[in-house]
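Engineer: Before anything else, here's the structure in question.
In the working numbering, the protein residues as written are 26 to 596.
Next comes the structure, spelled out in structure tokens:
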């Protein structure tokens, strides 16, 4: 009968209507009626049996409701809550039988039976409708990090100065450290699978599993990795996840369109991993097992954050759980600073900046990932204009090497002006960014524009005539980033750029524009596993792009990347 249920979505999409008749032989009609009679009679027995139990339990619940204003004892409230849950479960089981009836009806009408012939066998009471999960109580827990949670129930019916202080701390409305609420279902709550046809239209099936737990990684403005664990009736665990990130800013409007995909299964006894082929074509609607909401004024993009829910095995034992996610968002957690020196300058091999300091902050423009070429599983995701990063660089040169070398303005060394920049201010932004959640590689096309200042000395060592030489640089390139471990990685950039001197230094300046090809390779390591701090070594090569000359210079830098302070919630 599973085959009959699976064919329904296809038939609905091809425009088959319930009243359609099909010419079949008397013999086939007799066989079809026999099969239909068998299926519908079984369904009627199941329906009648559950309906009788449901009517009894419903009456008990209605009697308890009549006393709710007269009896407020905790024991009575627990009793009415239990009875409500029992009634709801039976009600929804009847609804599922009605849905199964409709599936059977579609199947047999497309085979040649009429609606009237089916009604003669069995017609359920369609006045019964599903009771939504809003009736299930939801516990509120404040989440500061893994194994760092506070259940708001501990403050119930308590008073005092200390309690008031704690309540004020847990009150998240309007606070800059409040990210939003993530709600997960009660442990063991059932949800239904969906199937997808060739047109990528998802249709709910009658198959269901139980919720166990969900792990979520948040970075770059979206839920980048969602790993869902569900249990079947035998106690085996099945893992589903996403392949394309889900935007935090668009979750409330697009979250119900996102589905999780089956990856693998784990046996109940922990004896190994296996693949259940029957689940390959099943999908889970994200909002059935995970939801995100926020308060007005608290909808922002958080720092990188890993959340494992439930945080405690007892959190969702008896109810849904709403986790109020906390995270510090002060400026010191956002601005990235680098302090470094140059090997070649230290050993006298080049006249690069001896000490340099970088400052950079990343802002998100459109953190909305899309499936690459429409692929849901294999080709990863792509983003358009996801980020923009203003930055500044200051270089400190030794006094004897701080000026660009000249004999006179007509013989000014072109790349020397770029090498001797002591101040650079600009902005860099990703235009296209590709990545796959199961790959350690990220690729992006980026562009930049910056303003640069270098110095030349038109005088002598004893009588200096210092002049600032300004330029506007612009260009773009390819950025490849990969990780060997979570705290050890490699970055490579190649870019084409041009520096405009003609329009920023007055008439008569001998250099118009300098075309440059730049290569950069960097290896970095987080010594304490904290992405806020890293030791890095970086090699940069500048080449004059064109046939006018073959100038080039190199920088071999080592230093420390850091942000002042540490994050509150991050793994």
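For glycine and all other residues, C-beta sits at the position ideal for the given N, C-alpha and C.
A quick note: this is a predicted structure, and the numbers were derived from the prediction, not measured.
Residue 428 and residue 377: beta carbons closer than 8 Å?
Structural biologist: By one-based count along the chain shown, residue 428 stands at place 403. By one-based count along the chain shown, residue 377 stands at place 352. Not in contact: residue 428 and residue 377 (Cβ atoms no closer than 8 Å).
Engineer: At a cut of 8 Å, does the stretch 311 to 325 reach the stretch 274 to 281 through at least three beta carbon pairs?
Structural biologist: Touching, yes, given that three or more Cβ pairs across the two stretches are closer than 8 Å.
Engineer: Look up residue 342 in the DSSP assignment and say whether it is helix, strand or coil.
Structural biologist: Within the chain shown, residue 342 is the residue found at index 317, counting from 1. Three-state DSSP puts residue 342 in coil, outside helix and strand.
Engineer: Does the separation of the CB atoms of residue 254 and residue 304 fall below 8 Å?
Structural biologist: As a working note, residue 254 is residue 229 in the chain shown. As a working note, residue 304 is residue 279 in the chain shown. Cβ atoms of residue 254 and residue 304: not closer than 8 Å.
Engineer: Determine the DSSP secondary structure at residue 514, reduced to helix, strand or coil.
Structural biologist: The sequence position of residue 514 within the chain shown is 489, counting from 1. Strand, per DSSP.
Engineer: With contact counted as at least three CB pairs below 8 Å, one residue from each stretch, are the stretch 238 to 251 and the stretch 286 to 299 in contact?
Structural biologist: Cβ pair count under 8 Å is below three, so no.
Engineer: Return the CA-CA distance between residue 208 and residue 495, expressed in angstroms with no decimal places.
Structural biologist: Translated into the one-based positions of the chain shown, residue 208 becomes position 183. Translated into the one-based positions of the chain shown, residue 495 becomes position 470. Near 54 Å, if we compare the C-alpha coordinates of residue 495 and residue 208.
Engineer: Quick one: give me the first and last residue of the alpha helix (DSSP H) that residue 410 is part of.
Structural biologist: Indexing the chain shown from 1 puts residue 410 at position 385. Run containing residue 410: none; DSSP gives neither H nor E here.
Engineer: Let me know the beta strand (DSSP E) ranges lying completely inside the stretch 469 to 548, each 3 residues or longer, listed in chain order.
Structural biologist: Whole beta strand (DSSP E) segments, 3+ residues: 491 to 510, 513 to 525.
Engineer: Sorted by chain position, which residues of the same chain lie with C-beta nearer than 7 Å to residue 387's C-beta, five sequence neighbours on each side aside?
Structural biologist: Working through the chain shown from its first residue, we reach residue 387 at position 362. Taken in chain order, the residues that qualify are 412, 414.
Engineer: Given this structure, state the Cα-to-Cα distance separating residue 62 from residue 256, to the nearest angstrom.
Structural biologist: The residue given as residue 62 occupies position 37 in the chain shown. The residue given as residue 256 occupies position 231 in the chain shown. If I take the Cα positions, the gap works out to 34 Å.
Engineer: So if DSSP puts residue 286 in a beta bridge, which residue, or which two residues, is it bridged to?
Structural biologist: In the chain shown, counting from the first residue as 1, residue 286 sits at position 261. Answer is 266, 308.
Engineer: Leaving out five residues before and five after residue 518 in sequence, what residues of the same chain have Cβ atoms less than 6 Å from its Cβ?
Structural biologist: In the chain shown, counting from the first residue as 1, residue 518 sits at position 493. Around residue 518: 502, 504, 545.
Engineer: Need the endpoints of the alpha helix (DSSP H) that residue 429 sits in, please.
Structural biologist: Walking along the chain shown from the start, residue 429 turns up at place 404. Residue 429 -> no alpha helix (DSSP H), and no H or E assigned at all.
Engineer: Give, in chain order, every unbroken run of the alpha helix (DSSP H) that is at least 4 residues long and sits entirely within the stretch 98 to 148.
Structural biologist: Runs found: 99 to 136, 140 to 146.
Engineer: So, at 8 Å on beta carbons, what are the nonlocal neighbours of residue 40 in its own chain, with the 5 sequence-adjacent residues on each side left out?
Structural biologist: Along the chain shown, read from residue 1 onward, the residue named residue 40 stands at position 15. Residue confidence is low: residue 40 scores 41 on pLDDT, short of 50, so the model does not pin down where it sits. No coordinate-derived value is stated.
Engineer: Would you mind listing the alpha helix (DSSP H) stretches within the stretch 437 to 463 that are 4+ residues and don't spill past its ends, in chain order?
Structural biologist: If we require 4 residues or more, the alpha helix (DSSP H) runs fully inside the stretch 437 to 463 come out as 439 to 444.
Engineer: Hey, which unbroken runs of the beta strand (DSSP E) at 3 residues or more fall wholly within the stretch 216 to 254?
Structural biologist: Qualifying beta strand (DSSP E) stretches, in chain order: 227 to 244.
Engineer: Once the 5 residues before and after residue 409 are set aside, which same chain residues still bring their CB inside 7 Å of it?
Structural biologist: Sequence index remark: in the chain shown, residue 409 carries index 384 (1-based). Excluding residues within five positions, the ones whose Cβ falls inside 7 Å are 391, 457.
Engineer: I need the DSSP call for residue 365, collapsed to helix, strand or coil.
Structural biologist: Position 340 of the chain shown holds residue 365. The answer is strand: DSSP assigns residue 365 an E or B state.
Engineer: Considering only the beta carbon of each residue, do residue 311 and residue 283 sit closer than 8 Å?
Structural biologist: Here residue 311 refers to the residue found at position 286 when the chain shown is read from its first residue. Here residue 283 refers to the residue found at position 258 when the chain shown is read from its first residue. Their beta carbons are under 8 Å apart, which means residue 311 touches residue 283 by this criterion.
Engineer: Just the Cα atoms here: how many angstroms apart are residue 587 and residue 510?
Structural biologist: The residue labelled residue 587 in the question sits at position 562 within the chain shown. The residue labelled residue 510 in the question sits at position 485 within the chain shown. Straight-line Cα distance between these residues: approximately 19 Å.
Engineer: Using three-state DSSP, classify residue 584 as helix, strand or coil.
Structural biologist: As a position in the chain shown, residue 584 is number 559, starting the count at 1. If DSSP states are grouped into helix, strand and coil, residue 584 belongs with the strands.
Engineer: Would you decide whether residue 499 is buried or exposed? Buried here means 16 or more other CB atoms lie within 10 Å of its CB.
Structural biologist: The residue given as residue 499 occupies position 474 in the chain shown. It counts as exposed.
Engineer: Per DSSP, which residues does residue 563 bridge with? Please list them.
Structural biologist: Along the chain shown, read from residue 1 onward, the residue named residue 563 stands at position 538. According to DSSP, which records beta bridges pairwise, residue 563 is partnered with 547, 582.
Engineer: Is the stretch 576 to 583 touching the stretch 560 to 568 in the sense that three or more CB pairs, one from each, lie closer than 8 Å?
Structural biologist: Judged by Cβ distances under 8 Å, the stretch 560 to 568 makes contact with the stretch 576 to 583, as three or more pairs qualify.
Engineer: Can you list, in chain order, the residues of its chain whose CB lies under 6 Å from that of residue 520, leaving out five sequence neighbours each side?
Structural biologist: By one-based count along the chain shown, residue 520 stands at place 495. Excluding sequence neighbours, residue 520 sits near 500, 502, 543.
Engineer: Do you know how far the Cα of residue 405 is from the Cα of residue 147?
Structural biologist: Position 122 of the chain shown, counted from the start, is the residue given in the question as residue 147. Position 380 of the chain shown, counted from the start, is the residue given in the question as residue 405. Going from the Cα of residue 147 to the Cα of residue 405 covers about 49 Å.
Engineer: Which stretch, first to last residue, makes up the beta strand (DSSP E) that contains residue 316?
Structural biologist: For the purposes of this step, residue 316 is identified with residue 291 of the chain shown, where counting begins at 1. It spans 316 to 318 - the beta strand (DSSP E) in which residue 316 sits, taken as one unbroken run.
Engineer: Just verifying my parser: in three-state terms, what is the DSSP assignment at residue 576?
Structural biologist: Here residue 576 is taken as the residue at index 551 of the chain shown, counted from 1. Three-state result, residue 576: coil.
Engineer: Could you check if residue 421 is buried or exposed, using at least 16 other CB atoms within 10 Å of its CB as the buried criterion?
Structural biologist: Against the chain shown, residue 421 aligns to sequence position 396. Exposed, because fewer than 16 other Cβ atoms sit within 10 Å of the Cβ of residue 421.
Engineer: For residue 424 versus residue 381, is the C-beta spacing smaller than 8 Å?
Structural biologist: For this step, residue 424 is matched to residue 399 along the chain shown. For this step, residue 381 is matched to residue 356 along the chain shown. Their beta carbons are not under 8 Å apart, which means residue 424 does not touch residue 381 by this criterion.
Engineer: Could you name the residues of the same chain whose beta carbon sits closer than 6 Å to that of residue 540, not counting the 5 residues immediately before and after it, in chain order?
Structural biologist: The residue you call residue 540 lines up with position 515 of the chain shown. So the list reads 523, 570, 571, once near-sequence residues are dropped.
Engineer: Check for me: the alpha helix (DSSP H) holding residue 277 runs from which residue to which?
Structural biologist: As a position in the chain shown, residue 277 is number 252, starting the count at 1. Per DSSP, residue 277 belongs to the alpha helix (DSSP H) from 276 to 279.
Engineer: Measuring alpha carbon to alpha carbon, tell me which residue in 463, 441, 474 is nearest residue 633.
Structural biologist: Outside the displayed range of the chain (26 to 596) lies residue 633, so it cannot be described from this structure.
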